[in-house]
Amino acid sequence: MTKHRFTVCAVALSAVLISFAVSAETDDAVALIIGRITEGGPVWQQSTQLAELGVGAADSIRKALPTAKPTARLACAKALCSLGDLKNGIPELRKLVEQHSEEPIAEFAATLLGEYGRMTSEVAIIDLLDKVGSPKVKIILARSLYSAATSDAALEKSNSTLRKLFKTKDRDVREACALALAEIGDVDADVQAILTELQTEPTLRGALAKNLLRIERLQTQTAKEFQNSQGLKDPLLNEILNTARLYHVDEPATLEELRDGAAAGIAGVLDPFSAYFSEDDLKKFRERITGEYAGIGAHVGYPGIGTDLSNRTFTIIRPIYYGPAYRAGLRSYDEIIEVDGVPTKDRDTEDIVRTLRGKVDAKVTVTIRRAGWKENKQFTVTRESIKLPTVHSKMLPGRIAYIKLTAFGEKSTEEFAEALTDLEKQEAKGLILDLRNNLGGLLTAARDVADMFLKDDKLIVSSRGRNPFMAPREELRTRDAKTHPDTPFVVLVTQRSASASEIVAGALQDYKRATLIGSRTYGKGSVQKVLPLRAAGGKAALKLTVAKYYLPSGRSIHRNPPGERGGIMPDIEIFLDNLIEPHKLRDFETLRLSGELDRYWNDHREKDRKALEALAHFDDNDDKRYPGFDEWFNSIKGRYDRATARKSLRTWLRIKLADERGEMYIIDFENDAQLQRAAMELARTLEVDTEKSEEYKGLMDKFKMEQAKRVAGKNVN
0 MTKHRFTVCA VALSAVLISF AVSAETDDAV ALIIGRITEG GPVWQQSTQL
50 AELGVGAADS IRKALPTAKP TARLACAKAL CSLGDLKNGI PELRKLVEQH
100 SEEPIAEFAA TLLGEYGRMT SEVAIIDLLD KVGSPKVKII LARSLYSAAT
150 SDAALEKSNS TLRKLFKTKD RDVREACALA LAEIGDVDAD VQAILTELQT
200 EPTLRGALAK NLLRIERLQT QTAKEFQNSQ GLKDPLLNEI LNTARLYHVD
250 EPATLEELRD GAAAGIAGVL DPFSAYFSED DLKKFRERIT GEYAGIGAHV
300 GYPGIGTDLS NRTFTIIRPI YYGPAYRAGL RSYDEIIEVD GVPTKDRDTE
350 DIVRTLRGKV DAKVTVTIRR AGWKENKQFT VTRESIKLPT VHSKMLPGRI
400 AYIKLTAFGE KSTEEFAEAL TDLEKQEAKG LILDLRNNLG GLLTAARDVA
450 DMFLKDDKLI VSSRGRNPFM APREELRTRD AKTHPDTPFV VLVTQRSASA
500 SEIVAGALQD YKRATLIGSR TYGKGSVQKV LPLRAAGGKA ALKLTVAKYY
550 LPSGRSIHRN PPGERGGIMP DIEIFLDNLI EPHKLRDFET LRLSGELDRY
600 WNDHREKDRK ALEALAHFDD NDDKRYPGFD EWFNSIKGRY DRATARKSLR
650 TWLRIKLADE RGEMYIIDFE NDAQLQRAAM ELARTLEVDT EKSEEYKGLM
700 DKFKMEQAKR VAGKNVN
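Quick note: the sequence shown, position 515, residue 514 per numbering that gives the first Met the number 0, numbers continuous.
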């Protein structure tokens, strides 16, 4: 027994000694190669030699990293990535970009991040993109971001970064941008012109330009062949196709349309967020994410209910108050009769919007009809690139801060921090964060907003997919040790709060940092990648769900498979049914078109200005507060009840006053049940004397009565 034990120990010791010997030999080999790089040897060749040492050398390469020179670190990082150790290789590449952002080494490291783009977090690349100053490094990172992007917002940031740099006067930067844009498939006439010039250069750059132009031509040809090929190469689909051609009551669709329909059907079966982009769809998608279009700066559409446009006029619902339309004199509910001489009557909204949009600084002429004018007037508006602010804030009674975040955009973190700091300077005691109807955006912005309220190193969200190559596990964690004061905190959500807004709300709920009020959120907790389809020459694409997001508690918010509700349930469920856009309310539209609302406004706008401004803020649902209301109400011949007339009148006053002051009303407290409940929860926590506030007075009793009704309703058989 003892003899066997000694034998086993001897064998084990031999194995250890051999292991040490092999390890030492590998360490020496790695040190030798790194020494050659430090002495000026070829980086890529030595990187290949490091990788050729095999997976067993990864540990030796990792140990050498801390003391290696930058060029050697670059080779080591590339070798680690080649050996599959992305966990250590990619962070090292990111460090090299950040630490040497003005040097060529950063360009090489950024290029490698692009090569391993599908394995690189879009958050990490966006963080780098916001830090580096070198245009060339920015171009490479923007190209890398396109590969790593998991959201439309990230794709838009990639494309808009390249397009902004493409406008520079620096010829080298423009040419580098043209090459990068061509690589991601965004080839317009300007890009093509530069590539055509570059292809004559006897350089690697010239060769790349020539090949990119050749690829563009081949893709176009492949797409045409794909469209013109006969049959769908599937017996079932072919039978449906031929039967439809023979017997359908109408002229059958083209083969291209049928194929696109079949592809869209396959994608649609997968989950609610995967989609097939036909060539036309992909063009529109790319146009949408370029950030290049400009407009007149106005929310437009057909006021009213339903799809019948015959009795409705295309209208400016509200101008953007810092935009060119407002500066030119256009106001809410001005009717657009013509755009550049072409009538708008009976035209589709999207069609008219395309004519209002165009190149930055180009002019468009609109013919306007306004209530009270004897004749229509023409306005010439110079188009601008319109970037809407994503943050709106206000101090409510009782020092309750209110911040509305409409999307997680490039400037959202900065705007949000500024608004929060300003409200804290006003000695805010509590906070309401309004994420209602926020459809999401950049994950980096979502992380930064959550980070402002979560202490220490906390997980905000993780993602993982079935295929570890396409979607490895990623974690998004807090990174700023400082947080804002631990004031009582409420988050408002609705069924149109999605994606990044669900991640923020869910993380704050998981850590019990905030109370969620509203209704169940949308359930968009997934990662999509846009994958060009080779069979269509890259002219069509599949937007495919490749991973799901998981909150700190481990729960997924994604609503899949079909029928699963998903989303986040608020702590306090209360539905919103009063805040409908005015132009979609039938009674309001009918009364507006009658001219009676304008008549009241014109009669009282000057002599009762202070009263109207107070009523726009708060009227306590009391029509007696309105100067001359009885006389006006009696004149509209009893077509409406008093409550409907008062609501419509107040809505119109808010629209007209917003136009005059050039600033929208961001809340309507007395008609917003969710906001009221949020204020009540905080007022109760903060021990605010609600009887001293006109807005809060009586609300506590209101919610007690509603709760009693709900309880009574549940007890009815």
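Cβ coordinates follow ideal geometry from the N, Cα and C atoms, glycine included.
None of the values given here were measured: they were computed from a predicted structure.
Extent of the continuous beta strand (DSSP E) to which K376 belongs
Residues K376 to T381.
Taking Cβ to Cβ, would you say V365 is nearer than 9 angstroms to V352?
No, the Cβ-Cβ distance between V365 and V352 is not below 9 angstroms.
Collapsed DSSP secondary structure at K410 in the structure displayed:
Collapsing the DSSP output to three states places K410 in coil.
Please go through the same chain and pick out, in chain order, the residues whose beta-carbon is closer than 6 angstroms to the beta-carbon of A449, but skip the five residues on each side of it.
Contacts found: I459, V503 and A506.
So, at 6 angstroms on beta carbons, what are the nonlocal neighbours of A152 in its own chain, with the 5 sequence-adjacent residues on each side left out?
Here the set comprises G440 and L441.
Opening and closing residue of the alpha helix (DSSP H) in which Q494 lies
First-last for Q494: undefined, no H or E at that position.
Taking only runs that begin and end inside the stretch 79-155, name each unbroken beta strand (DSSP E) of 3 or more residues, in chain order.
DSSP runs (the beta strand (DSSP E)) wholly in the stretch 79-155: none.
Within 10 angstroms of its Cβ, does D700 collect 16 or more other Cβ (buried), or is it exposed?
Label assigned to D700: exposed.
Just the C-alpha distance for A108 and Q44, rounded to the nearest angstrom, thanks.
So the two alpha carbons sit approximately 16 angstroms from each other.
Nearest CA to the CA of K606: which residue from R649, E595 and P626?
Per the Cα distances, P626.
Cβ contact check for the stretch 395-409 and the stretch 81-93: 3 or more pairs under 8 angstroms:
The count of Cβ pairs closer than 8 angstroms, one atom from the stretch 395-409 and one from the stretch 81-93, stays below three, leaving the stretches out of contact.
Beta-carbon separation of L419 and L430 under 9 angstroms?
For L419 and L430, yes; Cβs fall inside 9 angstroms.
Sequence-distant residues of the same chain with beta carbon closer than 8 angstroms to K130, five excluded per side
Sequence-distant partners of K130 (beyond 5 residues in either direction) whose C-beta falls short of 8 angstroms from its own C-beta, in its chain, are E97 and S100.
For the alpha helix (DSSP H) holding K283, just list the boundary residues, first then last.
For K283, the enclosing alpha helix (DSSP H) stretches over residues E278 to I288.
Among D629, G322 and N158, the one whose alpha carbon lies nearest that of L180:
Nearest option by C-alpha distance: N158.
For the pair the stretch 342-359 and the stretch 370-377, tell me if three or more CB-CB distances fall below 8 angstroms.
No, they do not touch.
Could you check whether the stretch 164-183 touches the stretch 131-145, counting it as contact only if at least three pairs of C-beta atoms, one from each stretch, sit closer than 8 angstroms?
These segments touch.
Pick from M568, A546 and I571: whose alpha carbon is nearest that of N559?
When C-alpha distances from N559 are compared across M568, A546 and I571, the shortest belongs to A546.
Among the residues of its own chain, which have a CB less than 8 angstroms from the CB of E659, if the five just before and after it don't count?
Listed in chain order, the non-local C-beta contacts of E659 below 8 angstroms within the same chain number zero, local neighbours out to five positions each way being set aside.
What span of residues does the beta strand (DSSP E) with Q527 cover, start to end?
From DSSP, the beta strand (DSSP E) with Q527 extends over S525 to P531.
Identify every residue that forms a DSSP beta bridge with V448.
DSSP, once it has assigned bridges, lists no residue as partnering V448.
Shortest alpha-carbon distance to D421 belongs to which of S392, G397 and N436?
The closest CA to that of D421, considering only S392, G397 and N436, is found on S392.
For A50, which three-state DSSP category applies?
DSSP, read as helix, strand or coil, puts A50 in helix.
For I459, which of helix, strand or coil comes out of DSSP?
Strand, per DSSP.
May I have the straight-line CA-CA distance separating R61 from S146, to the nearest angstrom?
Their Cα atoms are separated by approximately 26 angstroms.
Where does I385 sit, in a helix, a strand or coil, going by DSSP?
It is coil, neither helix nor strand.
With contact counted as at least three CB pairs below 8 angstroms, one residue from each stretch, are the stretch 312-325 and the stretch 251-258 in contact?
With a cut-off of 8 angstroms, the stretch 251-258 and the stretch 312-325 do not count as touching, because too few Cβ pairs lie within range.
Following the continuous beta strand (DSSP E) through P318, name the residue where it begins and the one where it ends.
Looking at the DSSP string, the run of the beta strand (DSSP E) that includes P318 is T314 to P318.
Whole-angstrom Cβ separation of D433 and L491, contact assumed at under 8 angstroms?
Yes, D433 and L491 are in contact; Cβ-Cβ is about 5 angstroms, under 8 angstroms.
Distance between G661 and L329 (C-alpha atoms, nearest Å):
For L329 and G661, the distance between alpha carbons rounds to 12 angstroms.
Identify, in the order they occur along the chain, each residue of the same chain with its Cβ nearer than 7 angstroms to the Cβ of R4, setting aside the five sequence neighbours on each side.
Legend: pLDDT at R4 = 49, less than 50; position of this residue unreliable, value from coordinates given subsequently. Contacts found: none.
Could you please give me the residues that DSSP links to H357 through a beta bridge?
In the sequence under discussion, the amino acid at residue 357 is Gly, which differs from the His named in the question. G357 is bridged to A293.
Is there a Cβ from chain D that is less than 9 angstroms from the Cβ of D447?
Note that chain D does not occur in the displayed structure, where there is just one protein chain.
Length of the line joining the Cα atoms of K283 and I139
Going from the Cα of K283 to the Cα of I139 covers about 25 angstroms.
What separation, rounded to the nearest whole angstrom, lies between the Cα atoms of K424 and K609?
Straight-line spacing of the CA atoms in K424 and K609 works out to 29 angstroms.
Mind reading off the beta-carbon distance from H647 to E572? Whole number of angstroms is fine, and I expect it under 8 angstroms.
The sequence shown places Ser at residue 647, not His. The C-beta distance from S647 to E572 rounds to 30 angstroms, too long to fall under 8 angstroms, and the pair is not in contact.
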